[in-house]
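Number of protein chains: 2
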Amino acid sequence: MSSETKFLLPEDRIPRAWYNIISDMPEPPAAVLHPGTGQPIGPDDLAPLFPMALIGQEVSAEREIEIPEPVREVYHLWRPAPLFRARRLEQTLDTPAHIYYKYEGVSPSGSHKPNTAVAQAFYNKEEGTKRLITETGAGQWGSSLAFAGNLFGLPVDVYMVRISYDQKPYRRSAMETYGARCVASPSTETESGRAILAETPDSTGSLGIAISEAVEVAAQNDDAKYALGSVLNHVLLHQTVIGLEAIEQMEMAGDDPDVIIGCAGGGSNFAGLAFPFLGQQFRGGRSRRYVAVEPVSCPTMTKGSYAYDFGDTAHLTPLVKMHTLGSGFVPPGFHAGGLRYHGMSPLVSGLVHGGLVEAEAYQQTECFAAGVEFARAEGIIPAPESTHAIKATFEEAARCKQEGVTRTILFNLSGHGHFDMQAYTDYFAGDLTDQPHDEGAMHEALEKLPEVAAG
Amino acid sequence: MSSETKFLLPEDRIPRAWYNIISDMPEPPAAVLHPGTGQPIGPDDLAPLFPMALIGQEVSAEREIEIPEPVREVYHLWRPAPLFRARRLEQTLDTPAHIYYKYEGVSPSGSHKPNTAVAQAFYNKEEGTKRLITETGAGQWGSSLAFAGNLFGLPVDVYMVRISYDQKPYRRSAMETYGARCVASPSTETESGRAILAETPDSTGSLGIAISEAVEVAAQNDDAKYALGSVLNHVLLHQTVIGLEAIEQMEMAGDDPDVIIGCAGGGSNFAGLAFPFLGQQFRGGRSRRYVAVEPVSCPTMTKGSYAYDFGDTAHLTPLVKMHTLGSGFVPPGFHAGGLRYHGMSPLVSGLVHGGLVEAEAYQQTECFAAGVEFARAEGIIPAPESTHAIKATFEEAARCKQEGVTRTILFNLSGHGHFDMQAYTDYFAGDLTDQPHDEGAMHEALEKLPEVAAG
């Protein structure tokens, strides 16, 4: 085991191919269904929304998908991302555990999101898309797509969840700095938005609503396409650069993770780190524990149903089999905006359902407490989303101490919190409260799950 | 010349010694004078404020000063910092110039300031200091000292210039995340602060006032010491890790800078990049142009006097020979808070006075325009201070185009702007205006320059 604390790869170790976990999974993922017919959809059904290259990646069974050179060139701006041994944190926690974290906050927008934003902008540009439409929760995705679209000369429109639009005006400025247009969602620009506002004029919005707005605009404009920052197979695919680098870095460290942890809103940063390791396991390598962490107040994996549901509130998307709280469920306005989604990536959901991935849920105040302790030990102020992975790591480190055993923990520090300091301000002022899971609202939303034939 | 865009050093190339430019300067710096006697001060005069190790570095004539291992160990968290070739920016500007930038925003607090904060916290801890007192303008320095103090178990009190305290609440949250206490300056906690408030109850504050408060508290408390984030020789010394790394990285790039540019508030990020190159020149190497950039509305080097003056408003500090607008000059409340200082590092001032360093001044709106263009080309959103270096780079690149010549420009991107998005919000809203230099206020302040015998 190395005595170093930071493990850096040379630039020529930026991965040349993404890793496609579907190629190694024991069973193929459940089919995606057409909302009208209930039958499996084909590429043509998705063509109004995505370029063909991404539709192809969504269903590919190839193990390795080559990263185009112009995408790798942009990755050079911040990749390979560092992997740290959290030695100071281990001391603070007085744990025998070895704690490592992969740090994705070194990207220009401060999170892991550009890994896929750059790829999506590239393929859209290649296929003649003139404008990209998307939604964003906390703003990490919106600012990342704004950054990427700008690099490839594509204008970007972002529907930003109202609560984050108000809480995080600085993410909006970041999007505008990159030349994007940012609209609070629900907005009056779309039918979906107007319908929500008619019913709930003071709606705080949700990712489900914002997705409806973005999908509606993209579907109605021939030269515009839609881009999604998580959930879909091709998005998780692009994020595997995280885990592919981490595998090499853990080898540099002379250590091997027993437990791999990531926060999960739509699932992409968790999957990006975990899937390349899980792939080794599928191909006969050692088994490890994989932990996806979510907020108690939006407990998709820990309390939701594993069922076919819509990805959005207005039911414009296809039906996917996933963990869901019901597409009508609107989570409370907590600060980890990136974790406020009613659904979960179908790939991650399938693995949770199959018992290969564990799910845990924590309250926001205990997550912020862990985040502050992490910052004081390691120097980096974590994004509110990432504090969920940190809290789960603390719990695991405490179990190691209690049991008197050394386990190696690797977690994904998906972003820094420099845009989210209002959350820390509220935390220090005692203005953050824990929000219980709204069982009633969930059951009401789950009762409206679509009935489907296939599955 | 390499075709790469990013130049990374391996970790074992983190410098092992700081470079002390005094050892190579043709003339020794002007003496620092006691404000009471007008005579050169000795180490004992500074002992109430600084640990002896730093006082020794302030006057050392050694060329290399070893970096203590615990300081290097913390540097590992983010150093070596990357150096980029700005290829996309060169295309945008359509210039034959080669543009490189050293990026210091990768540190936990997002700027170059931790390079010295960590060293200062270390030496204070070594010598038994129990508490650190400092001031901060935009908050980069305060959050960096908070970060460093916390790592070495030292509580930190920060007097933060009122205008920044109000404009940048998120820097305050960052300081609190690291466990520091942050007070708006002028405050009612000190005699200096109360005197200012009695005269100007709605004072926006200034670095000069905040320094008075911090120095007063440190001088009156035996177990507390003062820490300064720029201006002094030992601070500039610690920042030379920037230039030492950049020299190696420019060699990796197979290129050599003709012009070296940095923004200058107190002078430390400019000096950190420039001094190691300038040292080569002093020792018989090739001559280069060095450009220090300041705001038109706080034009210390371009309009101020080169004279003995106090470092603070309440006249508690020794007298140093430097470019100054007069210690009573309060700059307007523009967004580049780190550039709102009436004085300038004596070392940088001496070099400007001697014609070895050029000074330029720009208006804030043209700097933000350059910053936005930079972000759209290179992806990184620059701190408002750093946009001054970018603007000067644009001017130089335009001259290259006009003259049809290729020159190699290297500038210091001293920090990212993720904490400063309010400034970008104001810029996009058209709420930023150019602020003329207040000649009258400067002349009034300069008339009160102290009379001194030595010089």
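Same order as they appear, the protein sequences are chains U and F. Heads up, the first sequence is in our numbering, so the first residue is 281 and it goes up one at a time. Heads up, the second sequence is in our numbering, so the first residue is 281 and it goes up one at a time. In this text, a Cβ means the ideal position worked out from N, Cα and C, and glycines have one as well. Predicted, not measured: the structure shown is a model, and the values here were computed from it.
- Taking 7 Å as the line, does the beta carbon of F/M332 fall inside it for any heavy atom of the ligand FMN? The ligand FMN is absent from the structure shown, which contains no ligand whatsoever.
- Report the residue ranges of all alpha helix (DSSP H) runs contained in full by the stretch 448–514 of chain F; include only those spanning at least 4 residues, in chain order. Counting whole runs of 4 or more residues, the stretch 448–514 of chain F contains the alpha helix (DSSP H) stretches 449–457, 471–479, 487–500.
- Item | F/P579 burial status per 10 Å Cβ neighbour count (16 or more: buried) | Buried is the label assigned to F/P579, since at least 16 other Cβ atoms lie within 10 Å of its Cβ.
- By how many angstroms is the C-alpha of U/T317 removed from the C-alpha of U/P730? Those two C-alpha atoms are separated by around 12 Å.
- Message: Please give me, in chain order, every unbroken run of the alpha helix (DSSP H) with length at least 4 that falls completely inside the stretch 694–722 of chain U.
- Response: For the stretch 694–722 of chain U, whole alpha helix (DSSP H) runs of length 4 or above, ordered along the chain, are 701–708.
- Item | Three-way DSSP call (helix, strand, coil) for U/C543 in this model | Here DSSP, grouped into helix, strand and coil, assigns U/C543 to strand.
- Query: Where F/G710 and U/S510 are concerned, what is the direct C-alpha to C-alpha distance, given to the nearest angstrom?
  - Reply: Looking at the two C-alpha atoms, the distance is approximately 35 Å.
- Query: Do the stretch 413–429 of chain F and the stretch 454–469 of chain F make contact, defined as three or more Cβ pairs closer than 8 Å?
  - Reply: A contact between stretches requires three or more CB pairs, one per stretch, nearer than 8 Å, and the stretch 413–429 of chain F meets this requirement with the stretch 454–469 of chain F.
- What's the gap between the Cα of U/T645 and the Cα of U/Q371? Approximately 23 Å, taken between the alpha carbons.
- Message: For F/Y381, report the span of its alpha helix (DSSP H) as first-last.
- Response: No alpha helix (DSSP H) holds F/Y381; the beta strand (DSSP E) holding it covers 378–383.
- Task: Compute the distance between the beta-carbons of U/E353 and F/L288, then report whether it is under 8 Å.
- Result: The Cβ atoms of U/E353 and F/L288 lie no closer than 8 Å to each other.
- Message: Assuming contact is defined by CB atoms lying nearer than 8 Å, are U/V637 and U/A572 in contact in what I supplied?
- Response: Less than 8 Å divides the Cβ of U/V637 from the Cβ of U/A572.
- Item | Residue range of the unbroken alpha helix (DSSP H) whose run includes F/Y403 | Its alpha helix (DSSP H) spans residues 394–406.
- Query: To the nearest whole angstrom, what separates the beta carbons of U/M602 and U/P626, a pair I think is in contact under 8 Å?
  - Reply: Right, their Cβ atoms sit about 5 Å apart.
- Starting from the C-beta of F/G542, find all residues in its chain whose C-beta is less than 6 Å away, skip the five residues before and the five after it, and write them out in chain order. If the five residues before and after F/G542 are omitted, its C-beta is found closer than 6 Å to the C-beta atoms of N549, F550, L553, A669, N692, all from its own chain and listed in chain order.
- Query: For the candidate residues U/L326, U/A401, U/A616, whose alpha-carbon lies nearest to that of U/H696?
  - Reply: Measuring from the Cα of U/H696, the nearest candidate turns out to be U/A616.
- Item | Any alpha helix (DSSP H) of 4 or more consecutive residues that is wholly inside the stretch 551–625 of chain F | Qualifying alpha helix (DSSP H) stretches, in chain order: 580–583.
- Test: F/Y380 CB closer than 8 Å to a CB of chain U: Not a single C-beta of chain U is nearer than 8 Å to the C-beta of F/Y380.
- Task: Determine, using beta carbons only, whether U/H622 and U/F609 come nearer to each other than 8 Å.
- Result: The Cβ atoms of U/H622 and U/F609 sit closer than 8 Å to each other.
- Task: Would you identify the three-state DSSP class for U/K681, choosing helix, strand or coil?
- Result: U/K681 falls in the helix class under three-state DSSP.
- Query: The beta strand (DSSP E) spanning U/I413 covers which residue range?
  - Reply: Its beta strand (DSSP E) spans residues 411–416.
- Closest Cβ-Cβ distance between F/I443 and chain U: below 8 Å? Chain U contact via Cβ: absent.
- Item | Same chain, Cβ closer than 8 Å to U/A725, neighbours up to 5 away in sequence not counted | Excluding residues up to 5 positions away in sequence, L605, G606, S607, G608, F609, H622 lie with their Cβ nearer than 8 Å to the Cβ of U/A725 in the same chain.
- Determine whether the Cβ of U/A366 lies closer than 8 Å to any Cβ atom of chain F. Contact with chain F is absent for U/A366, since none of that chain's Cβ atoms lies less than 8 Å from the residue's Cβ.
- Message: Starting from U/G332, trace the alpha helix (DSSP H) in both directions and tell me its first and last residue.
- Response: Per the sequence presented here, residue 332 of chain U reads as Met, with Gly not at that position. Start and end: 332–339.
- Item | Where the alpha helix (DSSP H) containing U/R656 begins and where it ends | Per DSSP, U/R656 belongs to the alpha helix (DSSP H) from 644–658.
- According to a CB-to-CB cut-off of less than 7 Å, which residues of the stretch 444–470 of chain F neighbour chain U? Taking 7 Å as the cut-off between beta carbons, the residues of the stretch 444–470 of chain F near chain U are P449, Y450, S453, A454, E456, T457, Y458, G459, in sequence order.
- Identify the residues that DSSP records as bridge partners of U/E638: which are they? In the DSSP output, where bridge partners are listed per residue, U/E638 has U/V571.
- Which chain F residues are close to U/Q643, counting only those with a beta carbon under 9 Å from its beta carbon? By Cβ distance, chain F contributes nothing, its closest Cβ being about 19 Å from U/Q643, past 9 Å.
- Query: Could you give the distance in angstroms between the alpha-carbon of U/T593 and the alpha-carbon of U/E496?
  - Reply: Distance between the alpha carbons of U/T593 and U/E496: 12 Å.
- Rounded distance between the beta-carbons of U/M305 and U/E407, thought under 8 Å: Contact flag wrong, Cβ pair sits at about 28 Å.
- Query: Using 8 Å as the threshold, is the stretch 428–448 of chain U in touch with the stretch 520–540 of chain U, meaning 3 or more CB pairs across them?
  - Reply: The stretch 428–448 of chain U is not in contact with the stretch 520–540 of chain U.
- So what does DSSP say about F/A361, is it helix, strand or coil? Coil at F/A361, not helix or strand.
- Message: Between which residues of its own chain and F/Q500 is the CB-CB distance below 7 Å, once the five residues before and five after are set aside?
- Response: Setting aside the 5 residues that flank it on each side, F/Q500 has no residue in the same chain whose C-beta is closer than 7 Å to its C-beta.
- Quick one: what's got a C-beta closer than 8 Å to U/K448's C-beta in the same chain, skipping five residues either side? Hits under 8 Å: A418, G419, G617, F699, D700, Q702.
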